[in-house]
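Undergrad: Residue numbers (the numbering used here), protein chains in the order written: chain A, 1 to 503; chain B, 1001 to 1318. We put the beta carbon where it would ideally sit given N, CA and C, even for glycine. Take this structure, written in structure tokens, and hold onto it; I'll ask about it next.
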């Protein structure tokens, strides 16, 4: 059962075949009829409950309207869906597990939603080339579990890795705690078979050392579904490290933790991961899973080094002594695999832990130079204070990737406006510090209107040119990433159909 | 939706204060065929520049080096040798190849060929964080961002690496740097299966094979290197050597698996686990597969409608 089906049965949606449905709109009925012919009736849906479900993703953004929903199982079927979309001039939105936090999978303008959840096979593990060919619906952690007995894993490990898909990782150029040393998805994908919005199947990149021509593979990764749909991905197999050392350092200020991170990098050590959690989130996590974090520390730093035994020991010792020099009140080395797993469980369930405090959260994502971490964090606390919001910080400190977590109760009047205002100020503070809009969540709809704060009109025009080279008619995931006013951000053309039809 | 009226104060990514970059953009202008000359290390790659092309040089100099951030901002006319000498003072380096003393940062990126140590130092294409280039219209364009991690918008930096200056002329870049390991050693053996090395050593920086001889570069902490050497000794008789073997001039791009059945010229040097081959003879011409050519021609038309940037060169004809 796919993740989507599991979710659907959990929320009690039976699902209704589109074959028997008429929408009252002849144009839309024709689209659905063509889709049913391209796939089969069971794998084209148009009932209200499913469309409502797929109108959202894991972000706080609404406003999406799903058109017909398709579940192709092969590249040829994706191609057939694309051709139907082309024929009817409909937008299409690719969708993995819908765990995105920037609204990238929200369908705008009632496009055809192409779920890749039924394309979930690990096609081939090619040890000679140290890659695996996988379909886009393969779940990140399932891939790593499959590779582990062979001595390998897939390096990107976003917090959502138990549910997020490789297709989604490609779309977002996903990271995770361990991309500090290993790099983000771009460094772990060598080739991608895609279907262009016009229906052509193209292999981007290749297994050879230096594929010919422009790096279209690189351009596609992180394009948030706006250039086409990935149907097969060649992911790099990363050898599992023989030795891993995980340290937990406690500090009496967030600044001291941040300074330790900078000092470690300055000392020439690139740990596998360096994660910082402030006291509020540490307490929440500790109450939730009992990971063994100290509740009395103002901040904890979870640092991990890996490699061979001796080198891992050397690096772990140096991190411990750097931490002490920076004022660590306690330094603990995980003694057992169990203890190590528990520390990581704490970190990775941080977002689940906060549900006990407030029903809703907005998870921000910006990057600043490491040296600015402490300053920007101070501003983040101040911004939250001024907007009367509860903020917790758990972040990929090694990369300077901040994840302020604003907690709220959406039922409280005016709170959403305060959350957005605080979010905007956090972005501003990050940009002013020499940072960027997003480290791993992407732009989606969340940060679209802030692109002009980071890029000039010329810069954005060139991004738009890249977009158009893949998708001249701007039908793949319309209305995302580029701010309004750029041709491919414009969904006006799609809005001409009476809105009542889409309900 | 996000607040529709964000503050529009100028962020550092938007500010191009460096007058040298503006002078370069003015020099490039918006008309007439043009190409940038670097160190001429790979001048004829992808076709020689047309005769009527106006040649310009890009600005040089290191703008900002922040070892604690593991980043360096450098103008593209700077030689890779000069850049690496400056980084070495803080015990760092980049993934860029230093093919000759004249090789420039811009040339290394526009060509995009990986260094012989790619297994240890990473690919050139992942080292580029932010790029500033002059467009066909003579405008300065910024892609990417200054931080080590960034997914803000479309990935123009990846598009520029290996593009041979046909989409924009590189002016200034921010590169990711890496620490230089404590120990670096080259070993060679006359009787070792090179493919066995990858299963024996955790992360060699290079494994080369030529004329029956295997060459391995190990980098890292001293005790780890000792450990790896002991493991290597179990699969071959290794002795320490100065550096890599001489690399013939032509470069082939194959897959790592292709190397197991490689049947090319006898003097070829094979990069095991990578797929690069250096050989005395050129690789038989490769062709862009299917619709890659369609996207490539659309890109060229979008970025350089009049075809003035590096006419005569084609990244798909290397």
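(1) So residue 316 of chain A is in the alpha helix (DSSP H); what residue range does that whole segment cover?
(2) Would you call the segment 210-222 of chain A in contact with the segment 146-153 of chain A, where contact means no fewer than 3 C-beta pairs closer than 8 Å?
(3) Could you name the residues of the segment 1066-1079 of chain B whose beta carbon sits closer than 9 Å to any beta carbon of chain A, in the order they occur along the chain?
(4) Residue ranges of each alpha helix (DSSP H) run of no fewer than 4 residues wholly in the segment 1233-1288 of chain B, ordered along the chain?
(5) Is DSSP giving residue 1043 of chain B helix, strand or coil here?
(6) If you check the beta carbons only, do residue 1244 of chain B and residue 1116 of chain B fall under 7 Å apart?
(7) Does the ligand SAH have a heavy atom nearer than 6 Å to the CB of residue 1047 of chain B?
(8) Do you know offhand how far residue 1158 of chain B's Cα is from residue 1188 of chain B's?
(9) Hey, quick one: how far does the alpha helix (DSSP H) through residue 453 of chain A stretch, first residue to last?
(10) Could you have a look at residue 484 of chain A and say whether DSSP puts it in helix, strand or coil?
(11) My understanding is that residue 377 of chain A touches residue 422 of chain A, with C-beta atoms under 8 Å, so please give their C-beta distance in whole angstroms.
(12) Cβ of residue 1202 of chain B less than 7 Å from any chain A Cβ?
(13) Considering only residues of the segment 239-298 of chain A, which uninterrupted alpha helix (DSSP H) runs meet the minimum length of 4 residues and lie entirely inside it, listed in chain order?
(14) Kindly indicate if chain A contains any beta-carbon less than 7 Å away from that of residue 1084 of chain B.
(15) Using a Cβ cut-off of 9 Å, which residues of the segment 235-255 of chain A contact any Cβ in chain B, in chain order?
(16) Is it buried or exposed, residue 42 of chain A, if we count other Cβ atoms within 10 angstroms and call 16 or more buried?
(17) Who pairs with residue 1186 of chain B in a beta bridge, going by DSSP?
(18) Taking residue 457 of chain A as part of the beta strand (DSSP E), name the residues at either end of that continuous run.
(19) For residue 1205 of chain B, does the count of other Cβ atoms within 10 angstroms reach 16, so buried, or fall short, so exposed?
(20) Shorter than 7 Å from the beta carbon of residue 1172 of chain B to some beta carbon of chain A?
(21) Taking 7 Å as the limit between beta carbons, can you name the residues of its chain near residue 324 of chain A, skipping five residues before and five after?
(22) Which residues share a DSSP beta bridge with residue 153 of chain A?
(23) Using DSSP with H/G/I as helix, E/B as strand and the rest coil, what is residue 330 of chain A?
(24) Please report the straight-line C-alpha distance between residue 105 of chain A and residue 415 of chain A, rounded to a whole angstrom.
(25) Any beta carbon from chain A within less than 7 Å of residue 1234 of chain B's own beta carbon?
(26) Residues of the segment 346-377 of chain A with a CB closer than 8 Å to any CB of chain B: list them in chain order, please.
(27) Does the distance from the CB of residue 176 of chain A to the CB of residue 156 of chain A come in under 7 Å?
(28) My assumption, with CB atoms under 8 Å, is that residue 38 of chain A sits in contact with residue 77 of chain A. Please give the rounded CB distance.
(29) State the DSSP-derived secondary structure class of residue 1297 of chain B, mapped to helix, strand or coil.
(30) Which residues does DSSP pair with residue 50 of chain A in a beta bridge?
(31) So which residues on chain D does residue 1223 of chain B lean against when the C-beta distance must stay under 9 Å?
(32) Determine the extent of the beta strand (DSSP E) in which residue 1172 of chain B is found, giving its start and end residues.
(33) Can residue 293 of chain A and residue 304 of chain A be called in contact, C-beta distance under 7 Å?
(34) By a C-beta neighbour count over all protein chains shown, 10 Å radius and 16 as the cutoff for buried, is residue 1261 of chain B buried or exposed?
(35) Give the range of the alpha helix (DSSP H) segment to which residue 79 of chain A is assigned.
(36) Grouping DSSP H, G and I as helix and E and B as strand, with all else coil, what is residue 360 of chain A?
TA: So, from the data block:
(1) Stepping through the first chain from its first residue, residue 316 of chain A is reached at position 316. 309-325 is the span of the alpha helix (DSSP H), which, as asked, contains residue 316 of chain A.
(2) Here the segment 210-222 of chain A makes no contact with the segment 146-153 of chain A; the two share fewer than three CB pairs at distances below 8 Å.
(3) The residues in question are 1066, 1067, 1068, 1069, 1070, 1071.
(4) Qualifying alpha helix (DSSP H) stretches: none in this window.
(5) Residue numbering aside, residue 1043 of chain B sits at position 43 when the second chain is read from its first letter. In the structure shown, residue 1043 of chain B falls within a coil segment according to DSSP collapsed to helix, strand and coil.
(6) The residue you call residue 1244 of chain B lines up with position 244 of the second chain. The residue you call residue 1116 of chain B lines up with position 116 of the second chain. In this structure, residue 1116 of chain B lies closer than 7 Å to residue 1244 of chain B by Cβ.
(7) The model on display carries no ligand, and the ligand SAH is accordingly not part of it.
(8) Within the second chain, residue 1158 of chain B is the residue found at index 158, counting from 1. Within the second chain, residue 1188 of chain B is the residue found at index 188, counting from 1. Just so you know, the alpha carbons of residue 1158 of chain B and residue 1188 of chain B end up roughly 35 Å apart.
(9) Your numbering for residue 453 of chain A matches position 453 in the first chain. For residue 453 of chain A, the enclosing alpha helix (DSSP H) has its first and last residue at 451-454.
(10) To locate residue 484 of chain A, count along the first chain from 1; it is residue 484. If DSSP states are grouped into helix, strand and coil, residue 484 of chain A belongs with coil.
(11) As a first step, residue 377 of chain A must be located in the first chain, where it is residue number 377. As a first step, residue 422 of chain A must be located in the first chain, where it is residue number 422. Between residue 422 of chain A and residue 377 of chain A the Cβ distance is about 14 Å, and since that is not below 8 Å, they are no contact.
(12) On the second chain, residue 1202 of chain B is found 202 positions in, with the first residue counted as 1. At a cut-off of 7 Å, the C-beta of residue 1202 of chain B has a neighbouring C-beta in chain A.
(13) Counting whole runs of 4 or more residues, the segment 239-298 of chain A contains the alpha helix (DSSP H) stretches 254-266, 279-289.
(14) In the second chain, counting from the first residue as 1, residue 1084 of chain B sits at position 84. No, its Cβ sits nowhere closer than 7 Å to a Cβ of chain A.
(15) Going along the segment 235-255 of chain A in chain order, one finds 239, 241, 242 with a Cβ nearer than 9 Å to chain B.
(16) Position 42 of the first chain, counted from the start, is the residue given in the question as residue 42 of chain A. By the 10 Å Cβ count, residue 42 of chain A comes out exposed.
(17) Within the second chain, residue 1186 of chain B is the residue found at index 186, counting from 1. Under DSSP, residue 1186 of chain B forms a beta bridge with B:1217, B:1241.
(18) As a position in the first chain, residue 457 of chain A is number 457, starting the count at 1. Per DSSP, residue 457 of chain A belongs to no beta strand (DSSP E); it is in the alpha helix (DSSP H), 457-470.
(19) Stepping through the second chain from its first residue, residue 1205 of chain B is reached at position 205. Residue environment analysis places residue 1205 of chain B among the buried positions, since at least 16 neighbouring C-beta atoms fall within 10 angstroms of its C-beta.
(20) Within the second chain, residue 1172 of chain B is the residue found at index 172, counting from 1. No, because no Cβ of chain A sits closer than 7 Å to the Cβ of residue 1172 of chain B.
(21) Reading the first chain from its first residue, position 324 is the one you call residue 324 of chain A. 331.
(22) By 1-based counting over the first chain, the position of residue 153 of chain A is 153. In the DSSP secondary-structure assignment, residue 153 of chain A is bridged to A:238.
(23) The sequence position of residue 330 of chain A within the first chain is 330, counting from 1. Secondary structure at residue 330 of chain A: strand, using DSSP grouped into helix, strand and coil.
(24) Here residue 105 of chain A corresponds to residue number 105 of the first chain, with the count starting at 1. Here residue 415 of chain A corresponds to residue number 415 of the first chain, with the count starting at 1. Residue 105 of chain A and residue 415 of chain A have their C-alpha atoms roughly 24 Å apart.
(25) Looking up residue 1234 of chain B in the second chain gives position 234. Not closer than 7 Å to any Cβ of chain A, the Cβ of residue 1234 of chain B fails to qualify, so no.
(26) Under the 8 Å Cβ criterion, the segment 346-377 of chain A contributes 367, 368, 369, 370, 371.
(27) In the first chain, the residue the question calls residue 176 of chain A occupies position 176. In the first chain, the residue the question calls residue 156 of chain A occupies position 156. Inclusion of residue 176 of chain A and residue 156 of chain A in the CB contact set at 7 Å is warranted, their separation being smaller than that value.
(28) Your numbering for residue 38 of chain A matches position 38 in the first chain. Your numbering for residue 77 of chain A matches position 77 in the first chain. 7 Å between Cβ atoms; contact.
(29) The residue given as residue 1297 of chain B occupies position 297 in the second chain. If DSSP states are grouped into helix, strand and coil, residue 1297 of chain B belongs with the helices.
(30) Counting from one through the first chain, the residue named residue 50 of chain A turns up at place 50. BP columns for residue 50 of chain A are empty, so no partner.
(31) No chain D appears in the structure shown, which is made up of the protein chains A and B.
(32) Here residue 1172 of chain B refers to the residue found at position 172 when the second chain is read from its first residue. Residues 1169-1176.
(33) Mapped onto the first chain, residue 293 of chain A falls at position 293. Mapped onto the first chain, residue 304 of chain A falls at position 304. Between residue 293 of chain A and residue 304 of chain A, the gap from beta carbon to beta carbon reaches 7 Å or more.
(34) By one-based count along the second chain, residue 1261 of chain B stands at place 261. Residue 1261 of chain B sits exposed, since fewer than 16 C-beta atoms from the chains shown fall within 10 Å of its C-beta.
(35) For the purposes of this step, residue 79 of chain A is taken as residue 79 along the first chain, with counting starting at 1. Its alpha helix (DSSP H) spans residues 75-87.
(36) Residue mapping note: residue 360 of chain A aligns to position 360 of the first chain, counting from 1. Under the three-state reduction of DSSP output, residue 360 of chain A falls in the strand class.
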